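Below: the structure, in structure tokens.
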Amino acid sequence: MDASKIMSIEEFIKQARALNMSEKEIQNLVEAEKLAIEFGGHLPLADLLAEHRGIYHLTQRTKHLY
């Protein structure tokens with residue numbers, strides 16, 4: 104995995120909360136990341152945040168239309 108895509112769990116939580124990701128979703132992804140680390144890997148947390156950020160911005164724009 105590209106080292107630039109590896110994000111600390113603390114940074115992930117901070118950014119996820121800023122994007123209003125649900126606490127349950129954050130908790131599930133953190134647990135999955137801990138398991139991935141235990142088995143020698145990582146989840147693409149930066150990619151997951153980028154995807155959520157796109158969805159968040161679309162919903163914000165949609166709110167202004169209605």
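Under this note's numbering, read the sequence shown as residues 104 to 169, first letter to last.
Beta carbons are placed, not taken as given, at the ideal position from N, Cα and C, and that holds for glycine.
Keep in mind it's a predicted model, so treat the numbers as computed, not measured.
- In the three-state scheme derived from DSSP, where H, G and I count as helix and E and B as strand, GLY157 is classed as helix.
- In the structure shown, the three-state DSSP call for ILE109 is coil.
- Collapsing the DSSP output to three states places LEU151 in a helix.
- For the pair ILE116 and ILE129, the Cα-to-Cα distance works out to about 7 Å.
- Counted as a single uninterrupted DSSP element, the alpha helix (DSSP H) harbouring ASN131 occupies residues 126 to 141.
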